[in-house]
Amino acid sequence: MFFVSPFKQLLTVNDQFSKLESQSNASTIFFFKIIYIVCVLVTMAIGVHKLGSMGLLPNTRSDWVAFEVPARNLPELRDYKIGMINLFLQHTSAGLTLNENWDSDVRADMSDALGRIAPEGDMYRHDCEGSDDMPAHIRSSCK
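According to UniProt numbering, the stretch in the sequence shown is residues 1 to 143, in order.
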């Protein structure tokens, strides 16, 4: 859903500027169209950067959780055998689940199951942030 609105904006650039364009200012309006496109692309890049910095880039259609191996990002964890961890999750639809890591099918099956429990669509009242937002809230509660 993150990319839908910007892509719609990019596909309808001519419609956005049609009321302003005339024969006398066509070259000027073309310049402003280019600026508009650059601004939309920069905004998308900033959004991707922010999502990436919070670990929220989507991995599958039905899940927005970034599955990461903690040892890769925190090599100090290799030395610990027992302990406790505090996590600060910077998203309202975030949830944490622990499963086995031996079989990668577990991740795929979990993602598929959560997608069946809370499918995307227009069946939810809360849709102001997109059709994937309410399913994300439900999925995070199931974890």
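Here a beta-carbon is modelled for each residue, glycine too, at the ideal position from N, C-alpha and C.
ask   = When the Cβ atoms of the stretch 98-107 are set against those of the stretch 72-84, are three or more pairs found closer than 8 Å?
value = no
task = Enumerate in chain order the residues of its own chain whose CB-to-CB distance from Leu20 is below 7 Å, with the five nearest sequence positions on each side excluded.
result = Taking the sequence shown and counting its residues from 1, one reaches residue 20 at position 20. Within the same chain, Leu20 has close Cβ partners Ile29.
ask   = Going straight from the alpha carbon of Ala110 to that of Gly52, what length do you get?
value = To locate residue 110, count along the sequence shown from 1; it is residue 110. To locate residue 52, count along the sequence shown from 1; it is residue 52. A small correction: the amino acid at residue 110 is Met; Ala does not occupy that position in the sequence shown. Answer to the nearest angstrom: the Cα atoms are 22 Å apart.
inquiry  = Can you look up Phe88 in the DSSP assignment and give me helix, strand or coil?
reply    = Start at 1 with the first residue of the sequence shown, and residue 88 comes out as number 88. The answer is coil: DSSP assigns Phe88 none of H, G, I, E or B.
Cβ-Cβ distance between Ala113 and Arg139 below 7 Å = Looking up residue 113 in the sequence shown gives position 113. Looking up residue 139 in the sequence shown gives position 139. Not a contact, by the Cβ cut-off of 7 Å.
query = Whose C-beta lies closer than 6 Å to the C-beta of Pro6 among residues of the same chain, with five residues either side of it excluded?
reply = Walking along the sequence shown from the start, residue 6 turns up at place 6. The residues are Val40 and Met44.
query = Going straight from the alpha carbon of Phe17 to that of Val42, what length do you get?
reply = Mapped onto the sequence shown, residue 17 falls at position 17. Mapped onto the sequence shown, residue 42 falls at position 42. Whole-angstrom Cα-Cα distance: 19 Å.
query = In the structure shown, what three-state DSSP assignment does Gly95 receive?
reply = On the sequence shown, position 95 is the one that residue 95 refers to. Gly95: coil per DSSP, three-state reduction.
ask   = Taking the alpha helix (DSSP H) that Lys33 falls in, what are its first and last residues?
value = The residue given as residue 33 occupies position 33 in the sequence shown. Unbroken alpha helix (DSSP H) run through Lys33: Ala26 to Ser53.
Buried or exposed (CB count within 10 angstroms, at least 16 for buried), Met123 = In the sequence shown, the residue the question calls residue 123 occupies position 123. Burial call: exposed.
message = Which same chain residues end up closer than 7 Å to Lys33 when comparing Cβ atoms and leaving out the 5 residues on each side of it in sequence?
response = As a first step, residue 33 is located in the sequence shown; it is residue number 33 there, counting from the start. Excluding residues within five positions, the ones whose Cβ falls inside 7 Å are Val13 and Phe17.
ask   = If you draw a straight line from the C-alpha of Tyr36 to the C-alpha of Pro135, how long is it?
value = Within the sequence shown, numbered from 1, the residue matching residue 36 stands at position 36. Within the sequence shown, numbered from 1, the residue matching residue 135 stands at position 135. Their Cα atoms are separated by approximately 32 Å.
ask   = Could you give the distance in angstroms between the alpha-carbon of Gly115 and the alpha-carbon of Asn86?
value = By 1-based counting over the sequence shown, the position of residue 115 is 115. By 1-based counting over the sequence shown, the position of residue 86 is 86. Cα to Cα, the separation comes out at about 27 Å.
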